[in-house]
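Novice: Please see the structure below; I have some questions.
There are 2 protein chains.
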Amino acid sequence: MTLVTVEDVRKASNRLAPYVVHTPLLRAPRLSTELDLRVLVKPENLQRTGSFKVRGALNTLLSWQESGSLPRGVVCYSAGNHAAAVAYAGQSLGVETVIAMPHGAVQSKIDNVHRFGGEIVETDDLIGTCNSLSAERGFPMLLPFDMPEVIAGQGTVGLEILADAVATGTAVDAVLVPVGGGGLISGIGAVVKSLSPRTLVIGVESEASNALGLALNAGEVVDLPARLPTIADGLAAPRAGGHTLAHAQAYVNCMVEVSESAITRAWRDMVDATKLVVEPSSAVGLAALREISLADMGLRAGMSVVLVASGGNVDFSRFADF
Amino acid sequence: MTLVTVEDVRKASNRLAPYVVHTPLLRAPRLSTELDLRVLVKPENLQRTGSFKVRGALNTLLSWQESGSLPRGVVCYSAGNHAAAVAYAGQSLGVETVIAMPHGAVQSKIDNVHRFGGEIVETDDLIGTCNSLSAERGFPMLLPFDMPEVIAGQGTVGLEILADAVATGTAVDAVLVPVGGGGLISGIGAVVKSLSPRTLVIGVESEASNALGLALNAGEVVDLPARLPTIADGLAAPRAGGHTLAHAQAYVNCMVEVSESAITRAWRDMVDATKLVVEPSSAVGLAALREISLADMGLRAGMSVVLVASGGNVDFSRFADF
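Protein chains in written order, with UniProt numbering: chain L, 1 to 322; chain R, 1 to 322.
Here you go:
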């Protein structure tokens with residue numbers, strides 16, 4: 001399988017520039033003091049549509065446009081951030097978007113699709129409905145993670161992290177990346193292992209949703225044995241993909257799993273300490289730094305670590321539990 | 001009265017560089033679309049201690065240090081952000097801090113003082129207790145807004161806004177500044193009216209707490225006739241100061257008042273749209289853009305306006321109402 005290269009990501013970055021935010025690289029002094037590390041946060045909650053997903057969706061459409069194959073519309077399935085990302089990408093380029101979402105999706109996610117002109121089809125069979133829609137309308141599917149163009153788009157997060165670190169004279173010893181299907185860590189890994197090979201790329205999954213870890217252990221994509229509930233709903237992929245598995249095999253230093261209780265605590269503390277509205281998925285990196293020994297991840301005290309905050313789309317009612 | 005100059009603010013900026021965050025200047029596309037303006041946010045919730053106040057407190061201590069008069073300790077009174085700012089400034093320079101806080105102050109504010117080694121004295125008479133503490137311990141008072149060093153420190157917010165705007169080729173047609181005692185707008189006004197005179201400096205108060213507006217109308221500092229409750233607790237100054245009044249007279253284009261209900265709505269929407277944890281005080285600028293006609297503030301559609309988000313110290317339980 002051909003892997004995404006840093007050149008693919010650089011091209012993606014040039015394509016995306018007019019449409020996405022170059023999010024800042026923020027220091028997190030409270031977390032740094034607590035953990036005896038230099039903790040930095042890459043706040044993709046501040047990204048258009050509230051998550052990094054817009055990078056991959058837009059890069060896919062822009063790549064198709066460059067090659068003269070931009071369709072009149074696209075379909076996708078998503079309960080969350082990919083839905084809004086596709087809607088925004090479509091609206092930006094004048095492409096219709098039809099999005100299969102589960103019955104009973106939370107209102108804020110629905111609003112975030114309608115805001116960008118997406119058409120929602122509610123269903124209990126996301127993939128089946130998406131396939132039917134694709135056939136009926138003649139629109140291609142824009143997958144949430146397992147496409148090279150999506151991976152290259154997500155990789156621009158890594159490009160920005162390294163550029164901003166260099167600009168401020170900051171070393172990056174490790175990047176901790178939330179992992180669902182693995183698109184984000186695939187892209188970040190491709191960049192980091194090319195431009196800063198000694199930087200550790202660490203993937204963090206919920207123990208309730210460890211599809212990429214399972215695939216790495218099995219050496220092939222496997223289905224999760226059960227769909228367990230997770231507070232980190234943004235990471236709830238039922239399986240990894242062939243592309244993301246291959247990238248993880250090539251570019252990821254280690255994968256770790258964190259407990260649901262650690263994610264819940266880390267989420268609250270991350271919002272409090274960073275003053276960023278992030279969703280629970282964004283807090284798995286902090287959970288890992290607390291729940292797993294530094295040595296097990298190849299880290300030691302004093303190192304400079306980046307926590308990628310993947311998104312900020314969360315129902316405010318959940319803050320009531322804080 | 002001598003006014004703070006842009007040179008004073010530049011000196012403050014050099015002093016503060018090792019201790020404070022140069023917060024980014026963020027675009028707010030959802031608010032821009034809603035308001036038909038180009039809305040930018042200066043997120044001082046991301047500042048050390050969670051508010052801009054640390055700039056003024058640190059500049060005061062650093063100025064005293066430069067002149068060889070750094071005391072062994074300082075006292076201050078505050079129910080909120082100034083308390084943590086003084087504690088942080090003191091800890092940074094090895095100066096004891098004794099802080100008079102009201103009985104029943106919220107736990108997060110108390111924690112934010114203890115985190116930086118401040119000593120808290122609970123009292124129902126903030127100013128009286130602070131005066132006594134100052135006399136007993138022989139420590140000078142570090143006032144929340146009405147000191148030139150504090151105003152110069154807060155002015156660095158304005159310096160950063162203009163520098164980042166220039167760096168990105170962004171015009172700044174207006175800066176909307178939350179106003180309590182007036183320290184922040186005094187400093188920002190000094191910078192803006194020197195470096196970008198055509199940029200409008202607009203102060204926004206809650207109608208429940210309009211001390212600076214009253215002083216400007218009266219031509220002298222006057223006490224608020226009544227202490228009305230306000231959701232924007234960070235702006236609840238009982239009176240402006242002689243220094244801040246003089247700066248407002250010289251540098252502020254207009255002052256407006258917004259209703260409590262407009263602040264409440266703007267607060268929720270600002271958190272949702274920007275994905276920043278901001279306190280209600282930070283949302284008065286958005287409330288003004290919605291509640292007051294643009295023309296009344298000298299604005300028109302398409303202009304580029306900066307909302308200064310003054311801080312992010314808020315009890316999460318309040319998000320439950322969202």
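We put the CB at the ideal spot given by N, CA and C, even for glycine.
Note that the coordinates shown come from a computational prediction; the quantities given were computed from them, not determined experimentally.
Would you say glycine 94(L) faces chain R, with C-beta separation under 9 Å as the test?
Specialist: Within the first sequence, residue 94(L) is the residue found at index 94, counting from 1. So no, glycine 94(L) is outside the interface.
Novice: Just to confirm before moving on: does the CB-CB distance between serine 196(R) and threonine 244(R) stay below 9 Å?
Specialist: Here residue 196(R) refers to the residue found at position 196 of the second sequence. Here residue 244(R) refers to the residue found at position 244 of the second sequence. Cβ atoms of serine 196(R) and threonine 244(R): not closer than 9 Å.
Novice: Is the separation between the beta-carbon of alanine 232(L) and that of isoleucine 263(L) shorter than 9 Å?
Specialist: To locate residue 232(L), count along the first sequence from 1; it is residue 232. To locate residue 263(L), count along the first sequence from 1; it is residue 263. Yes; because the gap between Cβ atoms is below 9 Å, this pair is in contact.
Novice: Take the Cβ of threonine 60(R) as the centre, count every other Cβ of all protein chains shown within 10 Å, and call the residue buried at 16 or more, exposed below.
Specialist: Working through the second sequence from its first residue, we reach residue 60(R) at position 60. Per the 10 Å Cβ criterion, buried.
Novice: Taking 9 Å as the CB-CB limit, is glycine 312(R) close to chain L?
Specialist: One-based indexing of the second sequence puts residue 312(R) at position 312. Closer than 9 Å: yes.
Novice: Within its chain, find whatever has a CB closer than 8 Å to the CB of glycine 219(L); leave out the 5 residues flanking it on each side and keep chain order.
Specialist: Counting from 1 along the first sequence, the entry for residue 219(L) is found at position 219. Contacts found: none.
Novice: On the criterion of 16 or more Cβ atoms from any shown chain inside 10 Å, does leucine 162(L) qualify as buried, or is it exposed?
Specialist: Looking up residue 162(L) in the first sequence gives position 162. Label assigned to leucine 162(L): buried.
Novice: Assign arginine 48(L) to one of three DSSP states: helix, strand, or coil.
Specialist: The residue given as residue 48(L) occupies position 48 in the first sequence. Helix at arginine 48(L).
Novice: Using a Cβ-Cβ distance under 9 Å, would valine 306(R) count as near chain L?
Specialist: Walking along the second sequence from the start, residue 306(R) turns up at place 306. No, its Cβ sits nowhere closer than 9 Å to a Cβ of chain L.
Novice: Between the beta-carbon of aspartate 315(R) and the beta-carbon of glycine 241(R), is there less than 9 Å?
Specialist: In the second sequence, residue 315(R) corresponds to position 315, counting from 1. In the second sequence, residue 241(R) corresponds to position 241, counting from 1. Not a contact, by the Cβ cut-off of 9 Å.
Novice: By the 7 Å beta-carbon criterion, what residues does the region 39-50 of chain L contribute toward chain R?
Specialist: Answer in chain order: Asn45, Leu46, Arg48 and Gly50.
Novice: Give me whichever residues DSSP pairs with valine 305(R) in a beta bridge.
Specialist: Along the second sequence, read from residue 1 onward, the residue named residue 305(R) stands at position 305. Looking at the DSSP assignment, valine 305(R) forms a beta bridge with Val39(R) and Ala174(R).
Novice: State the beta-bridge partners of glycine 128(L) as determined by DSSP.
Specialist: Residue 128(L) sits at position 128 when you count from the first residue of the first sequence. None; glycine 128(L) has no bridge partner.
Novice: Could you confirm whether any beta carbon from chain L is found closer than 9 Å to the beta carbon of alanine 320(R)?
Specialist: The residue you call residue 320(R) lines up with position 320 of the second sequence. Yes, because at least one Cβ of chain L sits closer than 9 Å to the Cβ of alanine 320(R).
Novice: Using C-beta distances below 6 Å, list every residue in its chain close to histidine 22(R), excluding the 5 sequence neighbours before and after it, in chain order.
Specialist: Taking the first residue of the second sequence as position 1, residue 22(R) is located at position 22. Glu160.
Novice: On the DSSP bridge list, what partners appear for serine 206(R)?
Specialist: Here residue 206(R) is taken as the residue at index 206 of the second sequence, counted from 1. For serine 206(R), the pairing in a beta bridge is given by DSSP as Ser209(R) and Val258(R).
Novice: Does the CB of leucine 276(R) have a neighbour CB from chain L at under 9 Å?
Specialist: The residue given as residue 276(R) occupies position 276 in the second sequence. Closer than 9 Å to some Cβ of chain L, the Cβ of leucine 276(R) qualifies, so yes.
Novice: Exposed or buried, what is residue 326(L) when buried is set at 16 or more other beta-carbons lying within 10 Å of its beta-carbon?
Specialist: No statement about residue 326(L) is possible, as the shown extent of chain L runs from 1 to 322 and does not include it.
Novice: Look up isoleucine 99(L) in the DSSP assignment and give the residues it is bridged to.
Specialist: Indexing the first sequence from 1 puts residue 99(L) at position 99. Per DSSP, Cys76(L) and Ile120(L).
Novice: Given a threshold of 16 other Cβ atoms within 10 Å of its Cβ, counted over all protein chains shown, does proline 178(L) qualify as buried or as exposed?
Specialist: Taking the first sequence and counting its residues from 1, the one referred to as residue 178(L) is at position 178. Classification of proline 178(L): buried, given that the 10 Å Cβ count is 16 or more.
Novice: Taking any Cβ of chain L, which residues in the region 11-39 of chain R have a Cβ under 8 Å from it, in chain order?
Specialist: Val21, Pro24, Leu26, Arg27, Pro29 and Arg30
Novice: Would you say leucine 299(L) and leucine 40(L) are within 9 Å of each other, going by their C-beta atoms?
Specialist: Indexing the first sequence from 1 puts residue 299(L) at position 299. Indexing the first sequence from 1 puts residue 40(L) at position 40. In this structure, leucine 40(L) does not lie closer than 9 Å to leucine 299(L) by Cβ.
Novice: On the DSSP bridge list, what partners appear for valine 201(L)?
Specialist: As a first step, residue 201(L) is located in the first sequence; it is residue number 201 there, counting from the start. DSSP output for valine 201(L) lists Val175(L) as bridge partner(s).
Novice: Between the beta-carbon of isoleucine 292(R) and the beta-carbon of valine 258(R), is there less than 9 Å?
Specialist: Walking along the second sequence from the start, residue 292(R) turns up at place 292. Walking along the second sequence from the start, residue 258(R) turns up at place 258. In contact: isoleucine 292(R) and valine 258(R) (Cβ atoms closer than 9 Å).
Novice: Under the rule that 16 or more other beta-carbon atoms within 10 Å means buried, what is alanine 287(R), buried or exposed?
Specialist: Translated into the one-based positions of the second sequence, residue 287(R) becomes position 287. Answer is buried; the Cβ neighbour count reaches 16.
Novice: If we define contact as Cβ-Cβ less than 9 Å, is residue 351(R) a contact residue for chain L?
Specialist: The structure shown has nothing for residue 351(R), since chain R only spans 1 to 322.
Novice: For a test of the three-state rule: what should DSSP assign to glycine 183(L), helix, strand or coil?
Specialist: As a first step, residue 183(L) is located in the first sequence; it is residue number 183 there, counting from the start. Note: glycine 183(L) maps to helix in three-state DSSP.
Novice: Would you say arginine 115(L) reaches chain R, if we count a Cβ-Cβ gap shorter than 9 Å as a contact?
Specialist: As a working mapping, residue 115(L) is identified with position 115 in the first sequence. Output row for arginine 115(L): interface = yes.
Novice: Strictly under 9 Å for the Cβ-Cβ distance: is serine 293(R) near chain L by that measure?
Specialist: Reading the second sequence from its first residue, position 293 is the one you call residue 293(R). No, serine 293(R) does not count as interfacial toward chain L.
Novice: With a threshold of 6 Å on Cβ separation, who are the neighbours of valine 4(R) within its own chain once the five nearest residues in sequence on each side are excluded?
Specialist: As a working note, residue 4(R) is residue 4 in the second sequence. Same-chain partners within the cutoff: Pro148, Ile151, Ala152 and Ala190.
Novice: Using 9 Å as the limit for Cβ to Cβ distance, is phenylalanine 316(L) near chain R?
Specialist: By 1-based counting over the first sequence, the position of residue 316(L) is 316. At least one C-beta of chain R is nearer than 9 Å to the C-beta of phenylalanine 316(L).
Novice: 9 Å is my cut-off, CB to CB: does aspartate 272(R) come that close to chain L?
Specialist: Working through the second sequence from its first residue, we reach residue 272(R) at position 272. Yes, contact with chain L.
Novice: Given a cut-off of 9 Å on the beta-carbon distance, is the pair valine 204(L) and methionine 255(L) in contact?
Specialist: Numbered from its first residue, the first sequence carries residue 204(L) at position 204. Numbered from its first residue, the first sequence carries residue 255(L) at position 255. Less than 9 Å divides the Cβ of valine 204(L) from the Cβ of methionine 255(L).
Novice: Under the assumption that aspartate 223(L) contacts arginine 239(L) (Cβ atoms under 8 Å), give the Cβ distance between them as a whole number of angstroms.
Specialist: In the first sequence, the residue the question calls residue 223(L) occupies position 223. In the first sequence, the residue the question calls residue 239(L) occupies position 239. Sure, about 5 Å apart at Cβ, within 8 Å.
Novice: Spatial neighbours of alanine 211(L) within its chain, please: C-beta separation below 6 Å, excluding the five flanking residues on both sides.
Specialist: In the first sequence, the residue the question calls residue 211(L) occupies position 211. So the list reads Leu224, Ala237, Arg239 and Ala240, once near-sequence residues are dropped.
Novice: Between the Cα of residue 328(L) and the Cα atoms of Pro144(L), Leu307(L) and Thr123(L), which residue gives the shortest distance?
Specialist: The shown model of chain L, from 1 to 322, leaves out residue 328(L), and the question about it has no answer.
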